[in-house]
Amino acid sequence: MEERQPTRPDQRCCVSRIITIDDPADPRIEDYRNIRDRDMARSGQTFIAEGKVVLSVLFGAKRFPVRSALILANRLEGLRDVLAKAPPDMPVYVAPQAVIDAVAGFHLHRGVLALAERVPLPSPTELLARLPEQALVVVLVGIANHDNVGAIFRNAAAFEADAVLLDETCCDPLYRKAIRVSVGAALQIPFTRGANAATLADELMTAGFEPIALSPAGNENLSKLTPPPRCAILLGTEGEGLPPALLARLRTARIAMSPSFDSLNVAAASAIALHRLGRFAW
């Protein structure tokens, strides 16, 4: 194990600590070990971010404290512009492919990781109170697929939603794959968790939001809706959709499509709804 201080000017402007790791058992990179298993522990205090674009967002947003980075040796030069955004005292561990694969527990071809700390989430009431008078919120109910959650966060960022609320049954938006699919949007868009969908709907209405539940059997055509000033789009699972009891008490909308086809992927549906009801339609 060798610790090297950078010597070239371009190194000094990026990070103060570049540390070479040549032993997979090095305790300094213990938090990166078997990251697939660690990903599944939603109750953990940290999470892993992966990929050049995601790390750039993570460092630039400064929302989550970053403990360290683990970089494939042959990727270091191409990441100096990204690492320039990192905390100046953050350790950057650099290792060859064999070491990184042994630590991760699988072949990690991107070889670009960072370890960040989770921050306490506000309550839904607290988060909603921070939003402007004209605001758009996405509400996810029972969505357990990380690809879909990541894609919805990406859509929320693209169409400038103000926040995302997840019920207690949704998967973790800070799961490594969800962050990667979101292209880092999960690190930017304010989000929090609530209890069940009914409670979230109550909290939204108390805060002056009009919930619109998206369903293939919705009463109104989405394309005909006038976006309310404070709008919440509710999205359910692709199979069962939103709970019938919730649909019965809320305003519902459908996306017009071929009568010979059942429905869209929930992430695709979210993009259409966000474009129709978001600030680009105001």
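Following this note's numbering, the numbering of the sequence shown begins with 2 at its first residue and continues without gaps. Quick reminder that beta carbons are idealized off the backbone N, C-alpha and C, glycines included.
Same chain, Cβ closer than 6 Å to residue i, five either side skipped, listed in chain order
| i | result |
| --- | --- |
| glycine 52 | Arg111, Val113 and Arg181 |
| arginine 155 | Ser183, Val184 and Ala186 |
| leucine 205 | Pro212 and Ala233 |
| lysine 178 | His147 |
| asparagine 35 | Gly106 |
| alanine 70 | Val93 and Ala115 |
| alanine 152 | Val182 and Ala268 |
| asparagine 149 | Val267 and Ala268 |
| alanine 145 | Cys172 |
| threonine 126 | Glu204 |
| valine 239 | The question names valine, but residue 239 in the sequence shown is glutamate. For glutamate 239, where only same-chain residues beyond five positions count, the Cβ hits under 6 Å are Val267. |
Residues bridged to residue i [DSSP beta-bridge criterion]
| i | result |
| --- | --- |
| isoleucine 49 | Leu116 |
| alanine 1 | The displayed coordinates of the chain run from 2 to 283. Any statement about residue 1 would go beyond what the structure contains. |
| leucine 109 | Beta-bridge pairing links leucine 109 to no other residue. |
| isoleucine 72 | Val95 and Val113 |
| glutamate 204 | In DSSP, glutamate 204 forms no bridge with anything. |
| threonine 193 | Leu166 |
| asparagine 222 | Arg255 |
Sequence-distant residues of the same chain with beta carbon closer than 7 Å to residue i, five excluded per side
| i | result |
| --- | --- |
| leucine 122 | Thr193 and Arg194 |
| leucine 109 | Ile101 and Asp102 |
| leucine 175 | Phe48, Arg119 and Ala187 |
| cysteine 14 | Its pLDDT being 44, under 50, cysteine 14 is placed unreliably in this model, and the value from its coordinates should be taken loosely. Here the set comprises Ala85. |
| glycine 242 | Ser216 |
| leucine 279 | It should be noted that the sequence gives glycine, not leucine, for residue 279. Contacts found: Leu137, Phe160, Glu161 and Ala162. |
| arginine 9 | Any reading at arginine 9 needs caution, since the residue's pLDDT is 41, under 50, leaving its predicted position unreliable; the model's value is listed next. Hits under 7 Å: none found. |
8 Å Cβ cutoff, residue i in contact with chain C
| i | result |
| --- | --- |
| arginine 29 | The chain labelled as chain C is not found in the depicted structure, where only one protein chain is given. |
Close-in-space but distant-in-sequence residues of the same chain around residue i (CB under 8 Å, 5 per side omitted)
| i | result |
| --- | --- |
| leucine 275 | Leu137, Val139, Asn156, Ala157, Ala159, Phe160, Ala162 and Ile234 |
| valine 120 | Arg64, Phe65 and Pro66 |
| arginine 277 | Leu223, Ser224, Leu226 and Pro228 |
| valine 83 | Lys53, Leu56, Ser57 and Phe60 |
| alanine 196 | Asp168 and Glu169 |
| alanine 257 | Asn222, Leu223 and Ser224 |
Integer-rounded CB distance, given that residue j should sit under 8 Å from residue i
| i | j | result |
| --- | --- | --- |
| alanine 105 | arginine 68 | Not confirmed; about 17 Å, so no contact. |
| alanine 74 | proline 88 | Incorrect: roughly 22 Å between the Cβ atoms, too far for contact. |
| leucine 236 | serine 271 | 6 Å |
| alanine 208 | leucine 247 | No, alanine 208 and leucine 247 are not in contact; Cβ-Cβ is about 17 Å, not under 8 Å. |
| isoleucine 72 | leucine 80 | 6 Å |
| glutamate 134 | proline 260 | The Cβ separation is near 39 Å, so there is no contact. |
Quick one: any contact between the region 247-267 and the region 211-227, if contact means 3 or more CB pairs under 8 Å?
-> yes
Continuous beta strand (DSSP E) assignments of at least 3 residues falling wholly in the region 111-190 | Taken in chain order, the unbroken stretches of beta strand (DSSP E) that lie wholly in the region 111-190 and span 3 residues or more are 113-118, 136-141 and 164-167.
Report yes or no: do the region 82-93 and the region 218-229 share at least 3 C-beta pairs separated by less than 8 Å?
-> They do not touch, by the three-pair rule.
When the Cβ atoms of the region 129-145 are set against those of the region 166-174, are three or more pairs found closer than 8 Å?
-> yes
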